[in-house]
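Residue numbers (the UniProt record's numbering): 1 to 74.
Ideal Cβ positions, reconstructed from N, Cα and C, are used throughout, including at glycine.
Model, not experiment: these values are computed from the prediction.
Before any comments, here is the structure.
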Amino acid sequence: MEWDSNSDLSGDEDEGFLLNDGAPVPFPIPTSLQTAPCGFVVTDALESDHPIIYVNTVFEMVTGYRAEEVLGRN
Numbered sequence: 001m002e003w004d005s006n007s008d009l010s011g012d013e014d015e016g017f018l019l020n021d022g023a024p025v026p027f028p029i030p031t032s033l034q035t036a037p038c039g040f041v042v043t044d045a046l047e048s049d050h051p052i053i054y055v056n057t058v059f060e061m062v063t064g065y066r067a068e069e070v071l072g073r074n
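Take a look at the structure:
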């Protein structure tokens, strides 16, 4: 697999991000996380099982998992 340096890694910024219960994330996800050249996973450290609440596009490309498949998992 080759890295495509011309690919758009910005994601759909208009859609926003949702928490496990479907509520919007109460803080902005910095653009730097959305456009980072490496995969990022954000978990909710306030929950006992630390569920995933955000993954960026590079995480999806590298792992092959879509965000919908991993959100809410730990």
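What number of angstroms, rounded off, separates the C-alpha of residue i from the C-alpha of residue j?
i	j	result
LEU9	VAL62	The predicted model places LEU9 with a pLDDT of 45, which falls under 50 and marks its position as unreliable; any figure quoted below should be read in that light. Cα to Cα, LEU9 sits roughly 12 Å from VAL62.
THR43	VAL55	9 Å
GLU60	GLN34	12 Å
GLY72	SER48	12 Å
VAL70	ALA45	16 Å
CB-CB under 8 Å to residue i, same chain, minus the five flanking residues each way: which ones, in chain order?
i	result
VAL58	LEU9, ALA36, PRO37, CYS38, GLY39, PHE40
SER32	none
Since residue i and residue j are thought to touch, with beta carbons under 8 Å apart, how far apart are those beta carbons, to the nearest angstrom?
i	j	result
ASN74	ILE52	7 Å
Spatial neighbours of residue i within its chain, please: CB distance less than 7 Å, with the 5 preceding and 5 following residues excluded, ordered by chain position.
i	result
ALA67	VAL55, GLU60
Please return the same chain residues whose Cβ sits closer than 6 Å to the Cβ of residue i, not counting the five positions on each side in sequence.
i	result
HIS50	THR43, ASN74
Inset, instruction - Please list the segments of the beta strand (DSSP E) lying wholly inside the UniProt domain "PAS" (33-74), counting only runs of 3 or more residues, in order along the chain. - result: Unbroken beta strand (DSSP E) runs of no fewer than 3 residues, entirely contained in the UniProt domain "PAS" (33-74), are found at 41-43, 52-55, following chain order.
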